[in-house]
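Visitor:
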Amino acid sequence: MFASLPPGIIMLLGACAVPFIPHVSRQLWMLVMIGLSAWGLSTGEGIHAIWHVMGYELILYRADALTLPFGIIFHLAAALNVIYSWHDQKWQEHTASLSYAGAAIAALHAGDLITLFIWWEATAITSVFLILASNTERARKASMRYLIFQVTSGVLLLCGAAILAANGQSILFEKMELGSLASWFIFIALGIKAAFPFLNGWLQDAYPEATPTGTVALSAFTTKLAIYALARAFPGTEYLIWIGASMTALPVFFAVIENDLRRVLAFSLNNQLGFMVVAVGIGSELAINGAVAHAFVHIIYKALLFMSMGAVLHQVGTIKASALGGLYRQMPFTMVCCVIGAMSISAFPLFSGFVAKSLTMSALGDTGIVWAYFVLLFASAGVLEHSGIKIPYFAFFAHDSGLKTTEAPLNMRIAMGIAAILCVAIGVYPAALYSILPYTVDYHPYDAGHVTSQLQLLVFAMLAFILLIRMKLYPPEIPSVVLNSDWFYRRLAPAVGLPILKGGMIAWHMLVGGLRRVRTSIWDAVDLVMDNPISGPTIPGRAVMVQAILLTIILLFGYAIAS
Amino acid sequence: MTKSPSKVQMDLARLGSRFTRFLLVIAAILLVLEFIVHRHGETHIEESFMFPAIYGFIAFVFIVEVGKLLRRLIMRDEHYYADEEDAEGDHHVR
Chain Z
2 MFASLPPGII MLLGACAVPF IPHVSRQLWM LVMIGLSAWG LSTGEGIHAI
52 WHVMGYELIL YRADALTLPF GIIFHLAAAL NVIYSWHDQK WQEHTASLSY
102 AGAAIAALHA GDLITLFIWW EATAITSVFL ILASNTERAR KASMRYLIFQ
152 VTSGVLLLCG AAILAANGQS ILFEKMELGS LASWFIFIAL GIKAAFPFLN
202 GWLQDAYPEA TPTGTVALSA FTTKLAIYAL ARAFPGTEYL IWIGASMTAL
252 PVFFAVIEND LRRVLAFSLN NQLGFMVVAV GIGSELAING AVAHAFVHII
302 YKALLFMSMG AVLHQVGTIK ASALGGLYRQ MPFTMVCCVI GAMSISAFPL
352 FSGFVAKSLT MSALGDTGIV WAYFVLLFAS AGVLEHSGIK IPYFAFFAHD
402 SGLKTTEAPL NMRIAMGIAA ILCVAIGVYP AALYSILPYT VDYHPYDAGH
452 VTSQLQLLVF AMLAFILLIR MKLYPPEIPS VVLNSDWFYR RLAPAVGLPI
502 LKGGMIAWHM LVGGLRRVRT SIWDAVDLVM DNPISGPTIP GRAVMVQAIL
552 LTIILLFGYA IAS
Chain W
754 MTKSPSKVQM DLARLGSRFT RFLLVIAAIL LVLEFIVHRH GETHIEESFM
804 FPAIYGFIAF VFIVEVGKLL RRLIMRDEHY YADEEDAEGD HHVR
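From first to last, the protein sequence lines stand for chains Z and W. 564 is the number that our numbering gives the last residue of the first sequence; the numbers go up by one with no jumps. 847 is the number that our numbering gives the last residue of the second sequence; the numbers go up by one with no jumps.
(1) With burial defined as no fewer than 16 other Cβ atoms inside 10 Å of the residue's Cβ, what is the status of Arg-792 of chain W: buried or exposed?
(2) On the criterion of 16 or more Cβ atoms from any shown chain inside 10 Å, does Trp-120 of chain Z qualify as buried, or is it exposed?
(3) Nearest to Val-460 of chain Z by CA position, among W:Met-763, W:Phe-804, W:Ala-766, is which residue?
(4) Which same chain residues, not among the five before or five after Ala-97 of chain Z, have their C-beta less than 6 Å away from its C-beta?
(5) Using 9 Å as the limit for Cβ to Cβ distance, is Met-2 of chain Z near chain W?
(6) What does Val-483 of chain Z reach in chain W if we use C-beta pairs closer than 9 Å?
(7) Can you give the Cα-Cα distance for Phe-788 of chain W and His-451 of chain Z, rounded to whole angstroms?
(8) Using a Cβ cut-off of 9 Å (strictly closer), state whether Asp-401 of chain Z contacts chain W.
(9) Report all residues from its chain with a CB closer than 6 Å to the CB of Ile-74 of chain Z; omit the five preceding and five following residues, and keep chain order.
(10) In chain W, what lies closer than 7 Å to Val-460 of chain Z by C-beta?
(11) How would you write the range of the alpha helix (DSSP H) that Glu-138 of chain Z sits in, first residue to last?
(12) Among the residues of its own chain, which have a CB less than 6 Å from the CB of Ser-564 of chain Z, if the five just before and after it don't count?
(13) Could you give the distance in angstroms between the alpha-carbon of Thr-602 of chain Z and the alpha-carbon of Ala-163 of chain Z?
(14) Answer with yes or no whether the minimum CB distance from Tyr-475 of chain Z to chain W is below 9 Å.
(15) Under 7 Å between beta-carbons, which chain W residues line up against Leu-456 of chain Z? List them in chain order, please.
(16) Candidates Z:Ala-207, Z:Trp-185, Z:His-387, Z:Ser-171: which alpha carbon is nearest Val-257 of chain Z's?
(17) Give, in chain order, every residue of the stretch 351 to 382 of chain Z whose Cβ lies closer than 9 Å to some Cβ of chain W.
(18) Judging by CA-CA distance, which residue of Z:Tyr-435, Z:Phe-188, Z:Gly-326, Z:Ala-549 is the nearest neighbour of Gln-762 of chain W?
(19) Have a look at Asp-206 of chain Z and Ile-149 of chain Z and give me their C-alpha separation to the nearest angstrom.
(20) Output the distance between the C-alpha atoms of Val-814 of chain W and Leu-469 of chain Z, rounded to the nearest integer angstrom.
(21) Using the C-alpha atoms, what's the distance from Asp-113 of chain Z back to Phe-174 of chain Z?
(22) Can you tell me which of Z:Gly-237, Z:Ala-396, Z:Gly-9 puts its alpha carbon nearest to the alpha carbon of Met-34 of chain Z?
(23) For Leu-42 of chain Z, which residues in the same chain have their Cβ closer than 8 Å to its Cβ, ignoring the five residues on either side in sequence?
(24) Might you give, ordered along the chain, the residues of its own chain that have their beta carbon closer than 8 Å to the beta carbon of Leu-314 of chain Z, omitting 5 neighbours on each side?
(25) If you measure beta-carbon to beta-carbon, which residues of the stretch 205 to 235 of chain Z are closer than 7 Å to chain W?
(26) Taking the DSSP output, what are the residues bridged to Asp-113 of chain Z?
(27) Rounded to a whole number of angstroms, what is the C-alpha to C-alpha distance between Gly-155 of chain Z and Ala-234 of chain Z?
(28) Short check: CB of Ser-220 of chain Z to CB of Lys-303 of chain Z, under 9 Å?
(29) What does DSSP give as the partner residue(s) for Val-482 of chain Z in the beta ladder?
(30) Among Z:Leu-551, Z:Met-310, Z:Tyr-57, Z:Gly-284, which one has its Cα closest to the Cα of Tyr-440 of chain Z?
(31) Under 9 Å between C-beta atoms, does Asn-272 of chain Z make it to chain W?
(32) What does Ser-759 of chain W reach in chain Z if we use C-beta pairs closer than 7 Å?
(33) Name the chain Z residues whose beta carbon is nearer than 8 Å to that of Arg-771 of chain W?
(34) Out of curiosity, what's the CA-to-CA distance linking Ile-555 of chain Z and Ala-561 of chain Z?
(35) Spatial neighbours of Phe-397 of chain Z within its chain, please: CB distance less than 6 Å, with the 5 preceding and 5 following residues excluded, ordered by chain position.
(36) Can a CB atom of chain Z be found closer than 9 Å to the CB of Arg-767 of chain W?
What follows is the structure, encoded as structure tokens:
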């Protein structure tokens, strides 16, 4: 029955029922929906559902080696999110997160650009409610900025598809060459969702404004859907190496000084996307495997980190580094999970990040693009700095903040526990992950040289941290806002645009006023002549005056043309 | 402000020094391993003595120092956007 129903759609249908089901059973219902949808993945590779509409063939369900790993991890993330938000009794957020995950999974299986566009926009519209659910003025404004960016991305995607369709070209969502106008539209559309430099403002702006549970859901889908789409459409595009390398390096500096720990994680998310974008840019089989493996493990450890910070926010009510510290005794389980997430993202051997990132680094080494290799190596030290050290250190250690709290609710701990176990399990036994990657590649991350290299990098970078802390050279956390690319449209555009707009309005009013004055003075002149007749005692009226003036003008023109 | 450190503060200090000692031991082991294990990097420079360690150390310090400089440039008061948003919000209500 579910064979021809694209995975994800059942979750969207299930989400419609969520508001009408009482708590607890609602959570079970959601898990069942995710389970049924995941069952659909077992249908196997091929095109399973086509919809003929208005002369177009919409491929609703296409499964292949690239969609499978993303399909698995998206379902897993959706299930983890249900467990993590089990305690939440309100239906709104659950409906949004289930339909958001469903839309993202449906988008994965879209075989043509129009179907992709529909689900692409559906992820935007469903996810915005996760930010709105925070129910603050700040979140409302951030969510609108988020929505503008997401919808713009979809519109650009549609522009690309429309140009292709108008030219009679195929609208199948396949590998394309960057060059034509349509391909650039699609490239930028994917670039917005993949948070390319200067298109990334929405990510750091909106994600940390969502609810503790909402951010976990947001972190998994949108950006990784974009990575999937890039891997599908633009593998081996050299621009992506440049773009990806700058994505790995730049957010690192912002993350060092950011005070909101969930925003630090948002910068870190951007940096991790950079690794995947570089891998897609390389485009070799090893590199695409690297991008997919990285996306897979990243969803788990990033969710774990966001879950641990969400748990702190849920328990303490703040996630500002300047207000936190010393929570390790009160939230030991959350602390351990956070450290596991931190070690995974920093790519410590025996943790999931290591087995995934190694693929990309090896693929990059094979290409001989040395500068990019060293940028990524540098960014690896950056990941350790902000996600590996800063997150756990400032939340759970640093100093005694005097905060009194208790461990997170049981359901949160279960979700974190599962994610933490997965992080270690994949790190210890990478063969399971490697077996579901798009290409069969014989790769062994654990050789003595590789492990010692990575440990040297990490351990000596940690020693640098300790040295900086001891010498009091490490910058203290300060309650502050760090400007990011959203500044351009939140501050610069209004600062430059509003005066221009005001100037334009003033100029317009002056013009209209001026014309009005000219008209008045003409009528005044007419009245003057009428009040002081020179031709006789009576004058016929204004109409005749106007005719006389017009005739005079025509006469003058006549003379001008004749001469 | 001279306040006697709390119990948590003392625990944290003890934990910190224990962790430092642990890291130093690992670092020493890595130093010894450098003579035993042949690290084959993706590039030749990477194979020079203790390269990843030096690169990691310098990169870390560089990131933090640049971060400090960046603070002067792009760090603003916590209410940088909020002031404007509140004012805007009021305006909207009117």
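Note that CB positions come from ideal geometry on N, CA and C, so glycine has one too.
Guide: According to the structure data:
(1) Classified as buried, Arg-792 of chain W has 16 or more neighbouring CB atoms from the shown chains inside 10 Å of its CB.
(2) Buried: at least 16 other Cβ atoms inside 10 Å.
(3) The shortest C-alpha separation from Val-460 of chain Z is found at W:Phe-804.
(4) Excluding residues within five positions, the ones whose Cβ falls inside 6 Å are Thr-127, Phe-130, Leu-131.
(5) Note that Met-2 of chain Z scores 47 on pLDDT, short of 50, meaning its location in the model is unreliable; the coordinates nonetheless yield the value given after this. Taking Cβ atoms only, chain W never reaches closer than 9 Å to Met-2 of chain Z, which makes this a no.
(6) Per Cβ cutoff of 9 Å: Leu-823, Arg-824, Ile-827, Met-828, Arg-829.
(7) Distance between Phe-788 of chain W and His-451 of chain Z, taken at the CA atoms: about 15 Å.
(8) So yes, Asp-401 of chain Z belongs to the interface.
(9) Apart from the 5 residues on each side of it in sequence, Ile-74 of chain Z sits with its Cβ closer than 6 Å to the Cβ of Phe-297, Ile-300 in its chain, given in chain order.
(10) Within chain W, the residues near Val-460 of chain Z are Leu-776, Ile-779, Ala-780, Leu-783.
(11) Per DSSP, the continuous alpha helix (DSSP H) segment holding Glu-138 of chain Z begins and ends at 138 to 167.
(12) Correct list: empty, nothing qualifies.
(13) Outside the displayed range of chain Z (2 to 564) lies residue 602 of chain Z, so it cannot be described from this structure.
(14) It does: the Cβ of Tyr-475 of chain Z has a partner Cβ on chain W nearer than 9 Å.
(15) Under the 7 Å cutoff, chain W gives Leu-783.
(16) Per the Cα distances, Z:His-387.
(17) For the stretch 351 to 382 of chain Z, which is checked against every Cβ of chain W, the residues closer than 9 Å are Met-362, Ser-363, Leu-365, Gly-366, Asp-367, Gly-369, Val-371, Tyr-374, Phe-375, Leu-378, Phe-379, Ala-380, Ser-381, Ala-382.
(18) Among Z:Tyr-435, Z:Phe-188, Z:Gly-326, Z:Ala-549, the Cα nearest to that of Gln-762 of chain W belongs to Z:Gly-326.
(19) Going by the C-alpha atoms only, they are around 13 Å apart.
(20) Those two C-alpha atoms are separated by around 8 Å.
(21) Approximately 4 Å between the Cα atoms of the pair.
(22) Nearest in C-alpha terms to Met-34 of chain Z, of all of Z:Gly-237, Z:Ala-396, Z:Gly-9, is Z:Gly-9.
(23) Answer for Leu-42 of chain Z: Pro-8, Ala-64, Leu-69, Gly-72, Ile-73, His-76, listed in chain order.
(24) Apart from sequence neighbours up to five positions away, the residues of its chain that approach Leu-314 of chain Z with a beta-carbon distance below 8 Å are Pro-213, Arg-263, Ile-320, ordered along the chain.
(25) For the stretch 205 to 235 of chain Z, which is checked against every Cβ of chain W, not one residue is closer than 7 Å.
(26) DSSP lists Z:Leu-173 as partners of Asp-113 of chain Z.
(27) Spanning the two alpha carbons is a distance of roughly 16 Å.
(28) One thing to note: Ser-220 of chain Z has its Cβ within 9 Å of the Cβ of Lys-303 of chain Z.
(29) For Val-482 of chain Z, which the question treats as bridged, DSSP gives the partners W:Arg-829.
(30) Closest by alpha carbon: Z:Gly-284.
(31) No, Asn-272 of chain Z lies away from the interface with chain W (no Cβ there is under 9 Å from its Cβ).
(32) Within chain Z, the C-beta atoms nearer than 7 Å to that of Ser-759 of chain W come from Asp-401, in chain order.
(33) Residues of chain Z passing the Cβ test: none, with the nearest at roughly 12 Å.
(34) Within the model, the alpha-carbon separation for Ile-555 of chain Z versus Ala-561 of chain Z is close to 10 Å.
(35) Within the same chain, Phe-397 of chain Z has close Cβ partners Leu-328, Tyr-329, Met-336.
(36) Judged by the 9 Å Cβ criterion, Arg-767 of chain W is not in contact with chain Z.
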